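Mapping the sequence shown onto my numbering, position 2 (from 1) lands on 2, and the numbers just tick up by one.
Every residue, glycine too, gets a C-beta built ideally from N, C-alpha and C.
No experiment lies behind these values; they were computed from the predicted model shown.
Some notes on the structure that comes next.
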Amino acid sequence: MDAFATRGLITTVDQLDALYDEPAWAARAKECDAIIAPYRAFIEAAPYVMMATAGPDGTDCSSRGGEPGFVRVLNEQTLHIPDYGGNNRIESLRNIVRDGRIALHFLIPGCGETLRVKGSAVVSAAPELIAGFAASGKAPKTVIVVTVAQAYYHCAKAVTRARLWDVTRQVHRETLPSVNAMLTAVQWHRCRSALTRAG
1 MDAFATRGLI TTVDQLDALY DEPAWAARAK ECDAIIAPYR AFIEAAPYVM
51 MATAGPDGTD CSSRGGEPGF VRVLNEQTLH IPDYGGNNRI ESLRNIVRDG
101 RIALHFLIPG CGETLRVKGS AVVSAAPELI AGFAASGKAP KTVIVVTVAQ
151 AYYHCAKAVT RARLWDVTRQ VHRETLPSVN AMLTAVQWHR CRSALTRAG
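Laid out in structure tokens, this is it:
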């Protein structure tokens, strides 16, 4: 840990609370234990969701994307998230099988507000459930079934500060390291670390 972090380390909730004001009324009032109609509208319009999980091997935050409505609202307490083909690391799925806690953050292009959902999840390979998500000849291998405990909208402050949807701020992909460059750097780092350990 760096010196700046250790010098000002917060070790109790009381210390933390002393630094911040009480949440405004709306910050508490917006929380619901169900997917009410306005929150359902957000989910059905979202083509992108970040999914956080935790398990014995650590935490994970991964993304899921698709056409708006790819995350389905079964009812006020239940969401279905298809797990279409990816890199097969399945860290999020492993965590869900072992722990079950989940947090979701839905983003809609052009919209400053986002939607946060917390609850528990299971992973299903039920054929009838998977078949219902088949699209363009492809079906997910599994479906994540989320039981909702909390849902609330997140104000636009972070998106506004980041100017996330401002097209004048879009980065040209070629200005960033390529996939091959990143992969090469990882392998070089591993080699260098192995040589250092070998002495």
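Check, Outcome
"From D57, H172 and W165, residue whose alpha carbon lies closest to that of V97", "D57"
"Neighbourhood of S92 by C-beta distance below 7 Å, restricted to the same chain and skipping five residues each side", "M51, T53, D60 and S62"
"Extent of the continuous alpha helix (DSSP H) run through A246", "No information on residue 246 is available, as it lies outside the stretch 1 to 199 that the chain covers here."
"Minimum Cβ-Cβ distance from L107 to chain B less than 8 Å", "Among the chains in the structure shown there is no chain B, since it carries only a single protein chain."
"Local conformation of D14 per DSSP, three classes", "helix"
"Among Y153, A125, R28 and I130, the one whose alpha carbon lies nearest that of R40", "Y153"
"Span of the beta strand (DSSP E) around S124", "T114 to S124"
"Residue from I102, C111, I35 and V49 whose Cα sits closest to the Cα of E76", "I35"
"Secondary structure of A24, DSSP reduced to three states", "coil"
"Element boundaries [alpha helix (DSSP H), containing Y39]", "A37 to A45"
"Within 8 Å, strictly: CB atoms of V117 and V148", "yes"
"Secondary structure of I96, DSSP reduced to three states", "helix"
"Whole-angstrom distance between F133 and K157, CA atom to CA atom", "34 Å"
"Beta carbon of Q150 nearer than 8 Å to that of E31", "yes"
"Cβ distance (whole Å) where A46 is taken to contact L107 below 8 Å", "6 Å"
"Opening and closing residue of the alpha helix (DSSP H) in which Q187 lies", "V179 to A198"
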